[in-house]
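Peer 1:
Number of protein chains: 2
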Amino acid sequence: MQDILFDFISKYVSLTEDEKNAIVSLDLFRSVEKGTTLLKEGQNSKDSYFVLKGCIRVYYIIDGEEKTTAFYTEMDALTPHCVITKAPSEYFISCVEDSILTVSNSDMEVEINSKFPKFELMCRILSEELLAKQQIDFDEFKTSSPEQRYLNLLQKRPDLIQRVPQHQLASFLGIKPQSLSRLRARILEKKS
Amino acid sequence: MQDILFDFISKYVSLTEDEKNAIVSLDLFRSVEKGTTLLKEGQNSKDSYFVLKGCIRVYYIIDGEEKTTAFYTEMDALTPHCVITKAPSEYFISCVEDSILTVSNSDMEVEINSKFPKFELMCRILSEELLAKQQIDFDEFKTSSPEQRYLNLLQKRPDLIQRVPQHQLASFLGIKPQSLSRLRARILEKKS
DNA sequence: CGTATTTCTTAACTTAAGTGAACGAATTAT
DNA sequence: ATAATTCGTTCACTTAAGTTAAGAAATACG
């Protein structure tokens, strides 16, 4: 399981055995059950996550309704907004499936980063990359219709459509569950 | 003018006079005329921008139509996607107004970052912050209607609505110019 | 195993966005 | 200065998403 983490890190920097051991000794690995809430609205957590296996989601509760805005699966890293701003969280994070994660505290990260400049470098490259990637995702979202967004998702993350409940997918696509059902029926119609 | 840049930097790290001089000696400042194209689709630029004064925009040309997805104004930093991925740009960047920018080459940045670890730290903090901020923007976009998005923009960036052409604003809000006109008329109606 | 709950789909109706066209106003080019 | 183009708004019409409600399917749970 640890290998997944080191495979991921190796895309950015190369680690010595000592450095790898330093990471392992932090004891970051956690198994979490489907349905577990990792972060609640209003909380002031310092934890960041990296998904080794499974799926977690970010959602808001607006007017009593759950609005899912993001899914994180294998090899995805998530630093919640509240960790950066040190303000209470505006959203929830919970497990869509039984998952294995690393959970790292931001104090811990500051310490590691100052001890190993290599991590600082990795974090910079990683967040620049994530920022650029997310910009493209946002641009695609803005410039396409719900139907195009669904077809796009089908191309880029086909697994999500299988493993995630429809009503969560719907808000992820910026529409209502009923509209997603209808839209899918429409697409099937067109194909035939 | 330089002070704006140093004010910005001081939010993240504090610089010595030597370090400030090192930056000034890079000769990053550029005046650009309204309408100037800074980056074209297909180009492989290494330049990043920081807006000291004015406004620049990111837009795609999709089926012959301009789709504006982002505006950068005073104190905003923009590293184009192609600089990160080293692939040809998918979008254009141009000046909405006469502007004063800093333009920095990524080779230059690598050099500075290795010379002054402080910059590395600043870049990491900055991109983490931008990533978090953009995530919230994306979430708000997903969870609200065009009308709510317009009202939200009116709150958060009222200047944009004044200084930017309507048809560019429209695609920024994910709709057509005609829909933006109608939506604004609808809001005025409601108020009275 | 069966009941309760949640989830997904369908349908009818409402509301808002997309489309194509027209027109005046503003901007730009010559 | 004038012509040409671009821009913003309005309108009528089309299409798709929101809403409300109902029923079927899947899932959770005692």
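Which chain is which? The protein sequence lines are E and X, in order. The first sequence begins at 1 in my numbering and counts up one residue at a time. The second sequence begins at 193 in my numbering and counts up one residue at a time. The C-beta atom is built at its ideal place from N, Cα and C for all residues, glycine as well.
So is Val302/X buried or exposed if we call it buried at 16+ other beta carbons inside 10 Å?
Peer 2: It is exposed - the Cβ of Val302/X has fewer than 16 other Cβ atoms within 10 Å.
Peer 1: Is the CB of Gln360/X under 7 Å away from at least one CB in chain E?
Peer 2: No, no contact with chain E.
Peer 1: Express the C-alpha separation of Glu332/X and Arg341/X in angstroms, rounding to a whole number.
Peer 2: Going from the Cα of Arg341/X to the Cα of Glu332/X covers about 8 Å.
Peer 1: Does the beta carbon of Ala324/X come closer than 7 Å to any beta carbon on chain E?
Peer 2: Yes, Ala324/X lies at the interface with chain E (some Cβ there is under 7 Å from its Cβ).
Peer 1: Along the beta strand (DSSP E) that carries Val260/X, what are the first and last residues, could you check?
Peer 2: Per the sequence presented here, residue 260/X reads as Thr, with Val not at that position. 257-264 is the span of the beta strand (DSSP E), which, as asked, contains Thr260/X.
Peer 1: Does the beta carbon of Phe330/X sit closer than 7 Å to a beta carbon anywhere in chain E?
Peer 2: Closer than 7 Å: yes.
Peer 1: Per DSSP, Asp239/X forms a beta bridge with which residues?
Peer 2: Asn297/X.
Peer 1: Using a Cβ-Cβ cut-off of 7 Å, state whether Glu120/E counts as contacting chain X.
Peer 2: It does: the Cβ of Glu120/E has a partner Cβ on chain X nearer than 7 Å.
Peer 1: Quick one, are the C-beta atoms of Phe263/X and Cys247/X less than 7 Å apart?
Peer 2: In this structure, Cys247/X lies closer than 7 Å to Phe263/X by Cβ.
Peer 1: Taking Cβ positions, are Glu233/X and Asp290/X nearer each other than 7 Å?
Peer 2: Result no, Cβ atoms of Glu233/X and Asp290/X do not sit closer than 7 Å.
Peer 1: Which class does Phe116/E belong to by DSSP, given the choice of helix, strand or coil?
Peer 2: Here Phe116/E sits in coil by DSSP.
Peer 1: When you compare the CB of Glu189/E with every CB in chain X, is at least one pair closer than 7 Å?
Peer 2: No, no contact with chain X.
Peer 1: Near Asp268/X, what residues of its chain come up, given a Cβ to Cβ distance below 7 Å and the 5 sequence neighbours on each side ignored?
Peer 2: Around Asp268/X: Val243.
Peer 1: In this structure, how does DSSP classify Arg349/X when only helix, strand and coil are distinguished?
Peer 2: Looking at Arg349/X - three-state DSSP - the assignment turns out to be coil, as it is neither helix nor strand.
Peer 1: By the criterion of Cβ-Cβ separation under 7 Å, what are the contact partners of Arg316/X in chain E?
Peer 2: Here the neighbours are Glu120, Cys123, Arg124, Ser127.
Peer 1: Would you mind sorting Ile9/E into buried or exposed? The rule is 16 or more other CB atoms within 10 Å of its CB.
Peer 2: Buried, since its Cβ has 16 or more Cβ neighbours within 10 Å.
Peer 1: Among Gln162/E, Ser114/E, His167/E, which residue has its Cα nearest to the Cα of Ser181/E?
Peer 2: Checked all of Gln162/E, Ser114/E, His167/E; the closest Cα to Ser181/E is His167/E.
Peer 1: So for Val32/E, helix, strand or coil by DSSP?
Peer 2: Reduced to three states, the DSSP call for Val32/E is strand.
Peer 1: In angstroms, rounded to a whole number, what distance separates the CA positions of Leu183/E and Glu147/E?
Peer 2: Roughly 6 Å between the two C-alpha positions.
Peer 1: In chain X, which residues lie less than 9 Å from Tyr72/E when you measure between Cβ atoms?
Peer 2: Under the 9 Å cutoff, chain X gives no residues; its nearest Cβ is about 12 Å from Tyr72/E.
Peer 1: Need the endpoints of the beta strand (DSSP E) that Cys82/E sits in, please.
Peer 2: That residue, Cys82/E, is in no beta strand (DSSP E); its alpha helix (DSSP H) goes 81-85.
Peer 1: Do Lys67/E and Asn105/E have their C-beta atoms closer together than 7 Å?
Peer 2: Not a contact, by the Cβ cut-off of 7 Å.
Peer 1: For Ile201/X, which residues in chain E fall below 9 Å Cβ to Cβ?
Peer 2: The contacting residues do not exist; Ile201/X stays about 16 Å from chain E at best.
Peer 1: Can you list the residues of chain E that Gly366/X reaches, using a CB-CB cut of under 7 Å?
Peer 2: Simply Lys142.
Peer 1: 7 Å is my cut-off, CB to CB: does Thr69/E come that close to chain X?
Peer 2: True, the Cβ-Cβ gap to chain X drops below 7 Å.
Peer 1: Assign Leu38/E to one of three DSSP states: helix, strand, or coil.
Peer 2: Leu38/E: strand per DSSP, three-state reduction.
Peer 1: So the beta strand (DSSP E) Ile23/E belongs to, where does it begin and stop?
Peer 2: No beta strand (DSSP E) contains Ile23/E, which is instead part of the alpha helix (DSSP H) from 17-24.
Peer 1: Secondary structure at Ile194/E, three-state DSSP: helix, strand or coil?
Peer 2: This structure gives no information on residue 194/E, because the portion of chain E shown stretches from 1 to 192.
Peer 1: Mind pulling the chain E residues with CB within less than 9 Å of Thr271/X?
Peer 2: What Thr271/X touches in chain E: Glu128, Leu131, Ala132.
Peer 1: Ile84/E CB to nearest chain X CB: under 7 Å?
Peer 2: Yes, Ile84/E counts as interfacial toward chain X.
Peer 1: Give the single residue among Ser206/X, Phe364/X, Phe308/X whose Cα lies nearest to the Cα of Phe138/E.
Peer 2: It is Phe364/X.
Peer 1: Can you find the residues in the same chain that come closer than 8 Å, C-beta to C-beta, to Arg222/X, ignoring five residues on each side of it along the sequence?
Peer 2: So the list reads Ile292, Leu293, Thr294, Val295, once near-sequence residues are dropped.
Peer 1: Tell me the DSSP secondary structure of Cys55/E in three-state form.
Peer 2: Of the three classes helix, strand and coil, the one that applies to Cys55/E here is coil, per DSSP.
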